[in-house]
């Protein structure tokens, strides 16, 4: 059975590379499971989508699991929800659930579940590529593509100021729910894809005594999604997963016993090989199309470990394009009495690599057992579908709930 999926590939790509395809000769890096590059929680989203070196919280699993060794709470659970690309479609959603338990002052275990729903997509048989308006929509098969990931991490302090974590992740992507339509075309069948991956994280957090109180300086480093490739056609084409490196720094300073300000900066990049220059130029005709097809096959043969290292020095544009593959974020967080929070951030990506450029604002409050955070995105690039994206996070301190119940007895 063979098929053509109308708009599905574009839907997946545009959710991450929201503006690249509207620009002249872009060369964004495309991966399988692009949902794993979306900031899932409102805390980090309010600070410009950064979190490698920020203050430890319940959602540290996505950004840097080593932070759990420094978290104040003994255990907690948090749920986040993001209505994604609402300016384009109304049924794409990202849900994120995470929890942790700290055994003692030095070690913790944590886990998370990510679910990305791409809504409903019409599957059109191959062979009707010229005029879709002539097709009867009632004859279309319908799929509900989705991706999900489940992971578990262990973090431990190696020193009073240093911690490390290891994460194991299972990743699953189903883009057509097993529906393959046959229409005599040449397109290959598509099947669900899965693989395993791992993260390695480091976190450094040092208190610094000042006349107005204790400040904290922190550094964070994470290499995420180091794992096998994914195939949607049972091995003929191998797709890289979004292996990502993050490096961040933050400094939190108190003004008095109640008011504090944290400033953070972070740089991240995909550890995925750049596509060849022929890819950046698009698919041509005749011999050009053949060369593109051959290069595509060679790209698919690159192993994951080779791709991680190759990604640092393979961009068609040389050192300048390698630098442009980095994504930058800066963020500020003001807190009052560690209960009320206001956040501001900015995220920057080169226009040829996705053009995700936006200001973020956020707010939150934390009581004895509950925490709520909200974030809002304001795009600075014109016609960016990420504009007005909102995120919501609700967390609970499980031991705080336990103590509250015990006190009432």
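Residue numbers (this note's numbering): 2 to 410.
All C-beta atoms in this analysis are idealised placements derived from N, C-alpha and C, irrespective of residue type, glycine included.
For residue 107, there is no enclosing beta strand (DSSP E), as DSSP marks it with neither H nor E. If you draw a 10 Å sphere on the C-beta of residue 340, you find fewer than 16 other C-beta atoms in it, and that means exposed.
Distances from the CA of residue 320 to each of 254, 299, 275, 79 were compared; the closest alpha carbon is that of 275. Two segments are said to touch when three or more pairs of C-beta atoms, one from each, lie closer than 8 angstroms; by this definition the region 54-64 does not touch the region 344-360. Under DSSP, residue 329 takes part in a beta bridge, and its partners are 268, 349. Residue 111 and residue 157 have their C-alpha atoms some 11 angstroms from each other. With a contact defined as Cβ atoms closer than 8 angstroms, residue 119 and residue 147 qualify at about 6 angstroms. Residue 331 sits away from residue 33, with the two beta carbons spaced by 9 angstroms or more. Assignment of residue 44 by DSSP, reduced to helix, strand and coil, places it in the helix class. CA-CA distance, residue 226 to residue 64, rounds to 12 angstroms.
In this structure, DSSP gives residue 256 a state outside helix and strand, which the three-state scheme calls coil. A distance below 6 angstroms between beta-carbons, with the five flanking residues on each side excluded, links residue 204 to the following residues of its chain, in chain order: 65, 67, 68, 164, 221.
Taking residue 53 as reference, the option from 324, 397, 224 with the minimal CA-CA separation is 224. Per DSSP, reduced to three states, the secondary structure at residue 311 is helical. In the DSSP annotation of this structure, the continuous segment of the beta strand (DSSP E) that includes residue 373 starts and ends at 371-380.
Look at residue 323 here: in three-state DSSP terms it is helix. Boundaries cannot be given for residue 85, as no beta strand (DSSP E) includes it and DSSP labels it neither H nor E.
Comparing alpha-carbon positions, the option among 371, 210, 96 lying closest to residue 36 turns out to be 96.
By the Cβ-count criterion, residue 62 is buried, with 16 or more other Cβ atoms from all chains shown falling within 10 Å of its own Cβ. Of all C-beta pairs linking the region 384-399 to the region 75-88, three or more are shorter than 8 angstroms, placing the two stretches in contact.
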